[in-house]
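First up is the structure itself, then whatever we jot down about it.
Number of protein chains: 2
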Amino acid sequence: MREVAALSGTSLKTVSRVFNSVPTVDPVLKDQVLKAAKRLNYIPNMTAGSLRRANGKTNTIGILLEDTANPFSSALYRIYEDIAAEHGYIVLAGSLDEDQNREHELVNLFISRRVDGLLIAPSGKDHAYLKREVRNGVHFGFVDRPPINLSADVVLSTNREGSQEAVEHLISFGHKRIAYLGDNPGIYTAQERCEGYVAAFKKAKITVDPTLIFKGFESEDQAITSLRNLMRSEKAPTAIFASQNLLTMAVLRALHAEGLEHKIAVVGFDDLPAAELLSPGLTLVKQNLAEIGRLSIQTLLGRIDGDSSKSLTQVVPTTLVPMGSGEIRPK
Amino acid sequence: MREVAALSGTSLKTVSRVFNSVPTVDPVLKDQVLKAAKRLNYIPNMTAGSLRRANGKTNTIGILLEDTANPFSSALYRIYEDIAAEHGYIVLAGSLDEDQNREHELVNLFISRRVDGLLIAPSGKDHAYLKREVRNGVHFGFVDRPPINLSADVVLSTNREGSQEAVEHLISFGHKRIAYLGDNPGIYTAQERCEGYVAAFKKAKITVDPTLIFKGFESEDQAITSLRNLMRSEKAPTAIFASQNLLTMAVLRALHAEGLEHKIAVVGFDDLPAAELLSPGLTLVKQNLAEIGRLSIQTLLGRIDGDSSKSLTQVVPTTLVPMGSGEIRPK
DNA sequence: CTGAAAGCGCTAACAC
DNA sequence: GTGTTAGCGCTTTCAG
């Protein structure tokens, strides 16, 4: 920058003004500056700039996702990337893998990079530790799951209602023995979805068979093995509700291995890329990721811009998409 | 930091030393510093640090991918994220969407954030513009496609050989009329894969029917429509080689719509999440993303660490995985 | 409309 | 082992 000022015969401040598009700069000088910059191949150092800049803003936000390689997270990431770019922000992303420690580490790491705000699909069970950061001026938004012991903006799907709708759908096709597959109930979404399952039975006045509720498999292989055993047993269900995409995959693999994909009905929660190419097509409860992403980042950017109104909880509806597998009737 | 020094009764430099794990610090002072830091909730500002630090390194690398939402890119991203973290680096990622301008913009944006290096799955057709940045000390690595008019490290798959193997596989099952679906030949991988297709025919001494070669569809819908027309025509192929995952999806949708999935053989290039759940299972040529990711980032980190040996081209083999759809014989 | 001086938070270099 | 001084590249403040 000094060199640019020298070569263009101006001062540092004028160069700075040019690159910050301050309107009150003599067009002649501006031209000289730009020419000099081009010749020296000068690109301003944004990170140095934010050091002294008014509010210390870095125009960077951090995003903590479950696993950037999984379709749910990567779709969200892309939405964040685009909306952030529109607003002149850049995104730092990290994967949590359901690990609380990793959440803490990444929060610290990103704060050490001075992100203006952080969007978290939390793995942690307690977010009181963030209060100190909030006091230091970092803004937080939660996605997919609410914060615990902290008041902050959050965007959620209708996990409970969506699950209930899925199970009611199965019941409406005549199913009474419907298995539930879910994650560990410590996870908010898992808990909600399980309650939706139970609520559907309650509403239909059917007793829930607890031996058909499966939670917290250790691995996909273990899930598949358990499922295959279940399918072969006397107590085999006539339908299965898989409350999450990895579990849905496990169900499909198990059904495939047993050759039962046209016999046992399946509804899965969360999108799966090739759902309609399967036979039968896979009936799903889809989350509206575009809307979830949009709401969460826009709310966060609003906070960074100074909106200090009360914390907001926004809920985005899911959609049941019948594709075939959920419309199989019990034999 | 000043406050921490004050509260702990030491100097700035000692605080700095503590947070940079300099071993020659009196344990007593170190303790005082850490206590004060905790009390003040102090987290060092890395970006300020890198301003003055020896080499000006930011421990940040930029990654330019085709589209962070697609499985190919997001799988790579995750590998980069993990390996970068192991080495104390952080990753900035952006999507190119096959747009040259976007490539230029993001390179500039990331350089304005002073990344130490940049990994690019390029959309551009000319990378001479990067020479200036190379001279300024930014390091570059290319992934998936080579740079043009620039000497730089690159990691590629065996696109040509993998495609040839796929088509030979189809030929070995008795196919002679094999359609080729590819991207615009301006794209390196598309060109290579098409050559592999042609080479397989040459080797088998079968004449290529140019009316079975399809390139550069505008949209998935257009691809599906064209394919359905083709499948219904007199000149329908007995097998299809789709040289990229989105095209493979289009083929599957078209086959499904026509009810021909058990009649026409298909081999696809690139992985597809639910390949083995389809019926028939989908025969694929898989790229070794883990290896591609590992090699590319490790080479880049080596460059950042000062390795200035000649530019390296590394080639990672693909694997043909028969799953059913590629083993259908012509009727 | 422009420039000089001070300082953002930190680390290099050099004393002590 | 520790502290002081200068300065990274930029923006602020304030005087011209």
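Chains as they are written, first to last, in my numbering: chain C, 1 to 331; chain A, 332 to 662. The beta-carbon is built from N, C-alpha and C at its ideal position, and this holds for glycine as well.
Between PRO322/C and chain A, the shortest Cβ-Cβ separation is not below 8 Å. For GLY94/C, the residues of chain A that pass the 7 Å Cβ criterion are GLU412, in the order they occur in the chain. Taking 8 Å as the threshold, the shortest C-beta distance from MET332/A to chain C does not fall below it.
Under the Cβ criterion of 8 Å, HIS587/A is counted among the residues facing chain C. DSSP, read as helix, strand or coil, puts SER656/A in helix.
At a C-beta separation below 9 Å, ILE509/A has no neighbours in chain C, since its nearest C-beta there lies roughly 21 Å away. Close CB contacts of ILE659/A within its chain, under the 6 Å cut and outside five residues either way in sequence, are with ALA596 (chain order).
The Cβ of ALA223/C sits no closer than 8 Å to any Cβ of chain A.
When secondary structure is reduced to three states using DSSP, LYS366/A falls in the helix class. For MET562/A, the closest C-alpha among the options ASP552/A, ALA588/A and SER405/A is that of ALA588/A.
Scanning chain A for C-beta atoms nearer than 8 Å to the C-beta of LEU272/C yields PRO604 and ALA605, reported in chain order. The C-beta distance from SER454/A to GLN431/A rounds to 6 Å, short enough to meet the 8 Å contact threshold.
Closest in C-alpha terms to ALA424/A, from the list GLU434/A, HIS418/A and GLU417/A, comes GLU434/A. In this structure, ALA581/A is the residue among SER381/A, LYS369/A, ALA581/A and GLU417/A with its C-alpha nearest to the C-alpha of GLU551/A. Cβ proximity to chain A below 7 Å picks out ARG114 and ARG132 from the segment 114-133 of chain C. Secondary structure at PHE504/A: coil, using DSSP grouped into helix, strand and coil.
Counting the other Cβ atoms within 10 Å of the Cβ of ASN467/A gives fewer than 16, which makes it exposed. The segment 572-580 of chain A and the segment 517-530 of chain A touch, with no fewer than 3 CB-CB distances between them shorter than 8 Å. Per DSSP, the unbroken alpha helix (DSSP H) holding ASP552/A starts and ends at 551-563. The closest CA to that of SER656/A, considering only LEU395/A, ALA606/A, VAL647/A and GLN618/A, is found on ALA606/A. Among the residues of the segment 370-384 of chain A, those with a Cβ less than 8 Å away from any Cβ of chain C are ASN372, ILE374, PRO375, ASN376, MET377, THR378, ALA379, SER381 and LEU382, in the order of the chain. Sequence-distant Cβ neighbours of THR68/C in its own chain, meaning closer than 8 Å and more than five residues away, are SER74, TYR77, ALA93, GLY94 and SER95. When DSSP reads this structure, TYR89/C sits in no beta bridge, so it has no partner.
With respect to THR189/C, ASP116/C sits apart: the two C-beta atoms are not nearer than 8 Å.
Of ASP270/C, LEU278/C and TYR42/C, the smallest CA-CA separation from LEU603/A is found for LEU278/C. Using a Cβ distance threshold of 8 Å, ARG228/C and ALA254/C count as a contacting pair.
Sequence-distant Cβ neighbours of THR60/C in its own chain, meaning closer than 8 Å and more than five residues away, are TYR89, ILE90, VAL91, LEU92, ARG113, ARG114, VAL115 and ASP116.
Secondary structure in the segment 340-365 of chain A: the alpha helix (DSSP H) runs of 4 residues or longer, each lying completely within the stretch, are 343-350 in chain order. At least one CB of chain A lies nearer than 8 Å to the CB of ASP67/C.
If you draw a straight line from the Cα of LYS202/C to the Cα of THR299/C, it is about 37 Å long. Secondary structure at ASP413/A: helix, using DSSP grouped into helix, strand and coil. The residues HIS169 and THR283, in chain order, have a CB closer than 8 Å to that of PRO322/C in the same chain once the five nearest residues on each side in sequence are set aside. Membership of SER443/A in the alpha helix (DSSP H) is indicated by the continuous run 431-443. For TYR511/A and ILE120/C, the gap between their C-alpha atoms comes out near 44 Å. Between PHE140/C and VAL134/C, the C-beta spacing is below 8 Å.
Taking PHE214/C as the centre and dropping the five residues before and after it, the same chain places the C-beta of LEU181 closer than 6 Å to its C-beta, in chain order.
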